[in-house]
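I have placed the structure first, in the form of structure tokens, so that the comments after it can refer back to it.
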Amino acid sequence: MTALRDPVPRVLVDCGVYADGDRVPGDFTPAGAMAKVREIEANSRNAFVWVGLHEPDERQMQAVAATFELHRLTVEDAVHAHQRPKLERYDETLFLVLKTVNYVPHESVVLPRQIVETGEIMIFVGKNFVVTVRHGEHSGLSNVRKRMDADPEHMRLGPYAVMHAIADYVVDRYVEVTNLMESDLDTIEEVAFAPGTRTDVEPIYQIKREVVELRRAVAPLSLPFQRMQTDYKDLISKEVRRYLRDVGDHQTRVAEQIASYDEMLSSLVQAALARVGMQQNTDMRKMSAWAGIIAVPTMIAGIYGMNFDHMPALHWTFSYPVVLAAMVSICTLLYRAFRRNGWL
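In my numbering, each residue carries its 1-based index in the sequence shown increased by 6.
So, in structure tokens, the structure goes:
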């Protein structure tokens, strides 16, 4: 057993050595694990190491990169994160970037500022190693490792079986989050077009932004999964490619479902804007109708406020109540006319 040493331990989540599918007892540093793998391979047995890291800095990642001979460009990506999902090959090493997603529970779809939060997992896969670099707090791979540790038969397929397990875990989360968002879409549609309520476009834009975030995580993976089936047959065994094809099918279905959500929200935005326009037209008609009603007494009062000596009924005893009665009568007639035409 090799003792853990800086700079790796601060970010080292787990480091396991696997021989013929079974985990070798002991705690290892990445360098010690690779030494153990070479020792096992010298006895004509298949072995590899699986290293899990969480948000390493550049110095820590460089230490791991030196052990596994990782390309410096991939090291920069692993440290800085915020990468688009992709698959790249560097000599005999594949570098896969996956976006992880998590559904944020909320009481009302109108109130939350965030529905989907994202993280990242970078996977380096070589002949006898797997290095996973995780960014974010919600995308832990401990359950994946426990499941794989309990399945030596699958682990015998090698490092690319680990890559499949992680990709399968991430895509399954896509399915879960996408299904949960469906209820939000139904709710926002009901809220947007509920009778007797004013339409608020902001919640629709909010959930559309979350759907776009989800689409950015899922859609770019279509090409990487396709390339795993066709371009890397010298690295990935036929059996693992079969498993990856199943994951790719799930990813395609989720991507299509998210695209349909996006189209539906775009239509919902257009319909909501049209309804807002109708509401504004109704408000303008009401304002115009009341302005027309108020204009009548304003005009009469303005005329009789000019203080001319010779004005009709100026010195008549009943002129004041007659003028008030005329104002009320005309305003009442206008009110009824506007009500009959639907302006009030």
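Each residue gets a CB set at the ideal place from its N, CA and C atoms; glycine is no exception. The structure displayed is predicted, hence computed values, not measured ones.
Own chain, CB closer than 6 Å to residue i, minus 5 neighbours either side, in chain order
i    : result
L227 : P91 and Q257
D174 : V253
L18  : none
V183 : V107 and Y109
L186 : Y109
N134 : V43 and F54
E75  : none
Nearest neighbour of residue i, chosen from the options [CA to CA]
i    : options                   : result
L229 : E182, A167 and L102       : L102
V176 : Q232, I121, M333 and E126 : E126
T338 : K42, L191 and I300        : I300
L79  : A39, F130 and R44         : F130
G27  : V282, G308 and R151       : R151
R351 : L340, L330 and M169       : The requested residue 351 is not part of the displayed model; the chain covers only 7 to 350.
D255 : M305, V329, D178 and V217 : D178
R162 : G283, T304, R29 and R345  : R29
Y211 : N149, A278 and T236       : A278
S148 : A171, D190, V81 and V43   : A171
E143 : L76, D155, E159 and E61   : E61
L104 : L340, A332 and H141       : H141
A167 : D190, K244, A332 and S189 : K244
M333 : G308, D289 and D190       : G308
Close-in-space but distant-in-sequence residues of the same chain around residue i (CB under 7 Å, 5 per side omitted)
i    : result
I336 : V302
G298 : L340
P158 : G27 and D28
A331 : none
Distance between beta carbons of residue j and residue i, contact taken as under 8 Å
i    : j    : result
I46  : A25  : 5 Å
E219 : T106 : Going by Cβ atoms, the distance from E219 to T106 rounds to 12 Å, so no, they are not a contact pair.
I121 : I213 : 7 Å
V224 : Y180 : 5 Å
L59  : V139 : 5 Å
P111 : G132 : With 8 Å as the limit, P111 and G132 do not qualify as a contact, their Cβ atoms being about 39 Å apart.
L100 : L271 : Contact flag wrong, Cβ pair sits at about 35 Å.
D63  : M128 : About 14 Å; that fails the 8 Å criterion.
I306 : V329 : 6 Å
Between the CA atoms of residue j and residue i - distance to the nearest angstrom
i    : j    : result
D20  : H86  : 21 Å
R342 : W296 : 12 Å
R153 : E196 : 41 Å
M317 : Y310 : 8 Å
D33  : V55  : 12 Å
A48  : Y238 : 26 Å
D97  : V275 : 48 Å
L250 : E208 : 39 Å
V23  : E216 : 39 Å
S325 : F314 : 15 Å
M67  : R51  : 29 Å
Q285 : F344 : 17 Å
T323 : A280 : 56 Å
N287 : N347 : 14 Å
G146 : T236 : 30 Å
I304 : D192 : The question names Ile, yet the displayed sequence has Thr at residue 304. Cα to Cα, T304 sits roughly 50 Å from D192.
G283 : L340 : 26 Å
V57  : E188 : 36 Å
D190 : S273 : 16 Å
F231 : R95  : 13 Å
H160 : P31  : 19 Å
M312 : L320 : 12 Å
P15  : H77  : Note that P15 has pLDDT 49, beneath the 50 cutoff, so the model's placement of it is unreliable and the number below is only indicative. Roughly 22 Å between the two C-alpha positions.
R399 : D289 : As displayed, the chain neither begins before 7 nor continues past 350, which places residue 399 out of reach and without an answer.
Neighbourhood of residue i by C-beta distance below 8 Å, restricted to the same chain and skipping five residues each side
i    : result
W349 : R291, K292, S294 and A295
R221 : A261, I264, A265 and D268
T73  : P36, A37 and M40
H351 : Residue 351 is absent from the structure shown; the chain starts at 7 and stops at 350.
R233 : L93
V81  : E64, M67, Q68 and A71
D155 : G22, R29 and M161
heavy atom of the ligand GTP below 7 Å from residue i C-beta
i   : result
V55 : Absence of the ligand GTP from the depicted structure is noted, as is the absence of any ligand whatsoever, leaving it without description.
Notebook entry, point to check: In the stretch 77-135, which residue ranges form an unbroken beta strand (DSSP E) of at least 3 residues, counting only runs that do not cross its ends?
Noted result: 92-96, 99-109 and 122-131
Next item on the list: Tell me the start and end of each unbroken beta strand (DSSP E) in the stretch 314-349 that is at least 3 residues and wholly inside, in chain order.
Entry: none
Check: Along the chain, which unbroken stretches of the beta strand (DSSP E) at least 3 residues long are found entirely within the stretch 134-165?
Finding: 135-141
Note to self: If we require 4 or more residues per run, which alpha helix (DSSP H) segments fall completely within the stretch 214-288?
What the structure shows: 228-236
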